[in-house]
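Read through the structure below, which is laid out as C-alpha cells, and then see the notes.
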Amino acid sequence: MLCSDGEKKLSFGGSIKDGDLVIVYEKRDVMKAVKVCETSMLQNRFGVFKHSDWIGKPFGSKVLSNKGGFVYLLAPTPELWTLVLSHRTQILYIADISFLITYLEIVPGSLVLESGTGSGSLTTSLARAVAPTGHVYTFDFHQQRAASAREDFESTGVGSLVTVGVRDIQGEGFPDEYSGLADSVFLDLPQPWLAVPSAGKMLKQDGTLCSFSPCIEQVQRTCETLKSNFRDIRTFEVLLRTFEVHEGKIDSCQGDEGLSVGSPPCKRRHRSSEGNTMKDSSSSPIIKARPCADARGHTGYLTFSRLQCLS
Ligand SMILES: C[S@@+](CC[C@H](N)C(=O)[O-])C[C@H]1O[C@@H](n2cnc3c(N)ncnc32)[C@H](O)[C@@H]1O
Numbered sequence: 001m002l003c004s005d006g007e008k009k010l011s012f013g014g015s016i017k018d019g020d021l022v023i024v025y026e027k028r029d030v031m032k033a034v035k036v037c038e039t040s041m042l043q044n045r046f047g048v049f050k051h052s053d054w055i056g057k058p059f060g061s062k063v064l065s066n067k068g069g070f071v072y073l074l075a076p077t078p079e080l081w082t083l084v085l086s087h088r089t090q091i092l093y094i095a096d097i098s099f100l101i102t103y104l105e106i107v108p109g110s111l112v113l114e115s116g117t118g119s120g121s122l123t124t125s126l127a128r129a130v131a132p133t134g135h136v137y138t139f140d141f142h143q144q145r146a147a148s149a150r151e152d153f154e155s156t157g158v159g160s161l162v163t164v165g166v167r168d169i170q171g172e173g174f175p176d177e178y179s180g181l182a183d184s185v186f187l188d189l190p191q192p193w194l195a196v197p198s199a200g201k202m203l204k205q206d207g208t209l210c211s212f213s214p215c216i217e218q219v220q221r222t223c224e225t226l227k228s229n230f231r232d233i234r235t236f237e238v239l240l241r242t243f244e245v246h247e248g249k250i251d252s253c254q255g256d257e258g259l260s261v262g263s264p265p266c267k268r269r270h271r272s273s274e275g276n277t278m279k280d281s282s283s284s285p286i287i288k289a290r291p292c293a294d295a296r297g298h299t300g301y302l303t304f305s306r307l308q309c310l311s
C-alpha cells in the first residue's frame, strides 16, 4: 500500500497486509487488482491461491497455487493501476501522463487542480507526483463517478493526497477558495475553453495549465481562449512506439520484416576471422526488433500554456 510514513517518504515498503490492494500479475497483459482478505481465495487457470498465504510477504513476491502454478503480487503503483482500473470513462495512459506531469513542472509540494476526474487514472499519478506535502483537488460533475474515484484513491493509498469535489467546472468554474493558489491546472473536459478563464484565476503567477482534447477542433477553440491571458501556448501529440526485441533467425531477405540490430535486415555474411572467405550466417541467431502491432496510436492533444505575469 502506498503510504506516507513519518519520514515523509512514499513507499510500498513493508509486507502485504490484510485489506491491502495488490496487482496480481500473470503476464504483461494479464493483470488484475485484488483486495487481500485473509479468508478469501483467488482462482485462475493456474489453480487456487489462498490470500492468507500472501499476508506477510513483501510486494513483488511470487506465490504458489494448490497446483504449483504461480503469480506475482505487485504493489499498486500509479503505472500499474492505470492498466487495471475499471474504465468508467476514457482514461489517460502513461505516455501522456508522464509527459504532462513533467511539462507542467509538477513536483512534491505542488497544489494541482484537475477536472474531470473521470476514472482517476491521471489523478493517481498526480497524487504521487505532489506527495508528500502537496495536494490534488479534482472535480467531476458526475456524482457516482466522483464517489467511485474517491474509493479507488483510498484503496491505492493516495486518499490523503486527493480531494474529490462534485462540481460543473465548465459552468461554475473552480471554487474561489483556490484563487491564486494553484501551481498547475489540468483540464480533460469536452469544452475546456469554458473553464480557461476560471483556471487563469486559480493559478499563481507563472502557473502552468494543460488541456487534453481528442479533437483538433477543441484544441483550436481552447488556444483562441488562452491567447487573452496565457503565453507560451504549445500543443503536443505524444505517440509511443513499443518494440519487441528478441532472438530469431533470418528466413530470407524478403521474408524478414523485423529490423536486425546493428546490421541490414537481410541475409548476413560474416567475414571469416581466418581469411577472406565469406561465411553464410542465415542459420545463426540474430537479434530482431520490430514495432509491436498493438501499439497505441492517437489518444489526444496536450495543449500547454503559462499564465501571463501581469506585473
Ligand atoms: C474523459 S473523462 C476524464 C478522464 C481522466 N482524465 C482519467 O485519466 O481517468 C472526462 C470527465 O469529465 C467529466 N466532465 C464532463 N463535463 C464536466 C463538467 N462540466 N464539469 C466537471 N466534470 C465534467 C465527465 O463526467 C468525465 O468523468
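Just so we're aligned, residue 1 is where the sequence shown starts under UniProt numbering, counting upward by one.
All residues carry an ideal CB built from backbone N, CA and C; glycine is no exception.
Where residue i falls: helix, strand or coil (DSSP)
i, result
"residue 301", "strand"
"residue 266", "Its pLDDT being 41, under 50, residue 266 is placed unreliably by the model, and the measurement read from it follows with that caveat. Coil."
"residue 291", "strand"
"residue 195", "coil"
"residue 80", "helix"
"residue 204", "strand"
"residue 219", "helix"
"residue 131", "coil"
"residue 141", "coil"
"residue 119", "coil"
"residue 23", "strand"
"residue 224", "helix"
"residue 16", "coil"
"residue 159", "helix"
"residue 176", "helix"
"residue 284", "coil"
"residue 307", "strand"
"residue 272", "Residue confidence for residue 272 is low, a pLDDT of 45 falling below 50, so the modelled location carries little weight; the figure read from the coordinates is stated next. Looking at residue 272 - three-state DSSP - the assignment turns out to be coil, as it is neither helix nor strand."
Whole-angstrom C-beta distance between residue j and residue i, which should lie under 8 Å
i, j, result
"residue 240", "residue 295", "7 Å"
"residue 211", "residue 110", "Not quite, the Cβ-Cβ distance comes to about 18 Å (not below 8 Å), so this is no contact."
"residue 23", "residue 80", "5 Å"
"residue 164", "residue 117", "6 Å"
"residue 189", "residue 115", "6 Å"
"residue 38", "residue 16", "With 8 Å as the limit, residue 38 and residue 16 do not qualify as a contact, their Cβ atoms being about 11 Å apart."
"residue 192", "residue 220", "Between residue 220 and residue 192 the Cβ distance is about 11 Å, and since that is not below 8 Å, they are no contact."
Short Cβ contact (8 Å threshold) for residue i with residue j
i, j, result
"residue 112", "residue 84", "no"
"residue 315", "residue 134", "Because the chain is modelled from 1 through 311, residue 315 falls outside the range shown and cannot be assessed."
"residue 238", "residue 140", "no"
"residue 76", "residue 161", "no"
"residue 307", "residue 230", "yes"
"residue 182", "residue 166", "no"
"residue 53", "residue 36", "no"
"residue 87", "residue 119", "yes"
"residue 178", "residue 304", "no"
"residue 173", "residue 198", "yes"
"residue 100", "residue 186", "yes"
"residue 63", "residue 74", "no"
"residue 78", "residue 138", "no"
"residue 205", "residue 292", "no"
"residue 127", "residue 106", "no"
"residue 245", "residue 226", "no"
"residue 34", "residue 42", "yes"
"residue 286", "residue 248", "yes"
Distance cut-off 7 Å: residue i Cβ against heavy atoms of ligand 3
i, result
"residue 145", "In terms of ligand content, the structure shown lacks ligand 3 and carries ligand 1 instead."
* Validate contact between the stretch 68 to 81 and the stretch 31 to 51 using beta carbons, cut 8 Å, 3 pairs -> These segments touch.
* Asked: Taking only runs of the beta strand (DSSP E) that begin and end inside the stretch 27 to 83, which ones reach a length of at least 3 residues, in chain order?
  -> Listed in chain order, they are 30 to 35, 41 to 44, 47 to 50, 61 to 64, 70 to 74.
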